[in-house]
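Residue numbers (this note's numbering): 24 to 228.
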């Protein structure tokens, strides 16, 4: 009932609902304003031993936020990160850009139902927006190493948190990540949330 494009719900239908949802194909399958888009941040680095964030990825997300309000000011927007530290980094980056571009301030007025927000995976339940941007944040560190630790997704019920998050958008989801799905080594973790992320990223790519 929420998704205006079937790609926004078909992953969850297959993975979590056993195909029991009735989906209607969108009449605009190839529209750039609808559906699921993957943005790969090739130079993103996860600060594993320090702030546990990904500054470059946050910059790309901030670019997308302002680009959205430039192109589609009538559409509501939210950002979801996979960790609290990445949430704070995205907020700081967006606020820094806003100081340079005060004409955009009207888009950042707090409004529970329609206002812009940046939240993490664990506190986005109940929200919905026209467009949602996701920042995975996790990935290769400065030494080129990656672990299979994806924060809340490694916890019990992590797959449910992912399902809740990826079904918040009415029209479009933009998945921003410094890694690709095949960087996730499924044999190295039993966490159902991480396995679900692997398949969601594969679907998005």
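Ideal Cβ placement from N, Cα and C applies to all residues, glycine included. As the structure is a prediction and not an experimental result, all values here were calculated from the model.
With respect to the 9 Å criterion, residue 164 and residue 84 are not classified as neighbours on the basis of their beta carbons. In terms of Cα proximity to residue 202, the closest of 138, 64, 60, 57 is 64. In terms of Cα proximity to residue 186, the closest of 218, 162, 139, 124 is 218. For residue 193, the enclosing beta strand (DSSP E) begins and ends at 192-200.
Runs of the beta strand (DSSP E) spanning 3 or more residues and lying entirely within the segment 127-215 occur at 140-143, 152-158, 192-200, in chain order. Exclusion of the five residues before and after residue 106 leaves 75, 76, 143, 144, 160, 161, 174, 175 as the residues of its chain whose Cβ lies within less than 8 Å of its Cβ.
Under the 10 Å beta carbon count, residue 170 is surrounded by fewer than 16 other beta carbons and is classified as exposed. Residue range 58-63 is occupied by the beta strand (DSSP E) that includes residue 61. With fewer than 16 other Cβ atoms inside 10 Å of its own Cβ, residue 178 counts as exposed. The alpha carbon of residue 73 has as its nearest neighbour, out of 112, 93, 155, 90, the alpha carbon of 112. A residue is called buried when at least 16 other Cβ atoms come within 10 angstroms of its Cβ; residue 191 meets this threshold and is buried. Around residue 60, the same chain offers 195, 196, 197, 198, 227 as residues with beta carbons nearer than 8 Å, after the five sequence neighbours per side are excluded.
Per DSSP, residue 84 lies in no beta strand (DSSP E) segment; the continuous alpha helix (DSSP H) that holds it begins and ends at 78-94.
With contacts defined by Cβ atoms closer than 9 Å, residue 91 and residue 147 do not form a contacting pair. Assignment of residue 116 by DSSP, reduced to helix, strand and coil, places it in the helix class.
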